[in-house]
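Position 38 of the sequence shown, counted from 1, bears residue number 362 in my numbering, the numbering being contiguous throughout.
Even glycine gets a Cβ: it sits at the ideal position worked out from N, Cα and C.
All of these numbers come straight from a predicted model, not from anything done at the bench.
Written out below as structure tokens is the structure these notes cover.
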Amino acid sequence: MQFFPTLTQDHRGFIARQPVFFVATTAAGARINLSPKGMDSFRVLDDTRVAYLDVGGSGNETNAHLGADGRITIMFCAFDRPALIFRIYGQGVAVLPQDDGWADLYARFTPLPGTRQIFVIDIDEVQTSCGWGVPFMTLERERTTLSKYHAAKTDEERLEGYADHTRSIDGLPIRNPTATPA
325 MQFFPTLTQD HRGFIARQPV FFVATTAAGA RINLSPKGMD SFRVLDDTRV AYLDVGGSGN
385 ETNAHLGADG RITIMFCAFD RPALIFRIYG QGVAVLPQDD GWADLYARFT PLPGTRQIFV
445 IDIDEVQTSC GWGVPFMTLE RERTTLSKYH AAKTDEERLE GYADHTRSID GLPIRNPTAT
505 PA
């Protein structure tokens, strides 16, 4: 196990090769939320900041937890060679379409149907560990179900749906988009 204060070029290369990552957050009195992510949604902004584009799904716990606590852990793991687990520990914020800085940040991503926010993480520390217990697996293909679901909705329908969800499963407030991504 090794810790680093910032991302290295090797870390950036490893991140770029991974088709899936995992996000963990929590807040006082709340459940731990752990979610898998994919869809070409992760970007390295610089050696001390990363971000990922969030598409509406079954909940919005990350938004609620970061608003209450700010702590976030991102984990990548290699399902091929060489074995490696890579964690990013940091402080995160949700940037929504109505927020200052949205347009510049959003321009760094390939637009995805159903985009509701971008999570920006200031890195506290990164960690590598062996990953020897992670199985070998191969990516067959991305799922398209969520993109198709969102593509079938209008921006107005999507915003109405977000407006109905103002609390996390533990009752924490959620900031929702009031504008569509531009």
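**OP:** Can you give me the Cβ contacts of G362 inside the same chain, cut-off strictly under 7 Å, excluding the 5 residues immediately before and after it?
**Re:** P343, V344 and E466
Subject >> F460 versus D404 - alpha carbon distance >> reply: 5 Å
Original post:
Exposed or buried, F443, counting other C-beta atoms within 10 Å across all chains shown (16 or more means buried)?
Top reply: buried
Subject >> Span of the alpha helix (DSSP H), counted from its first residue to its last, around G337 >> reply: Q333 to R341
Original post:
Excluding sequence positions up to five away, which residues of its chain have a Cβ less than 8 Å from the Cβ of S365?
Top reply: Y376, L377, D378, V379, F433 and L436
**OP:** Give me the Cα-Cα distance between C401 and Q441, rounded to the nearest whole angstrom.
**Re:** 24 Å
Original post:
Are T330 and T372 touching if we call contact CB-CB under 7 Å?
Top reply: yes
Original post:
From T468 to G495, what distance separates their C-alpha atoms?
Top reply: 31 Å
Original post:
For G383, which option in V417, L369 and H489 has the closest C-alpha, if you only look at C-alpha atoms?
Top reply: H489
**OP:** Helix, strand or coil for D446, going by three-state DSSP, please let me know.
**Re:** strand
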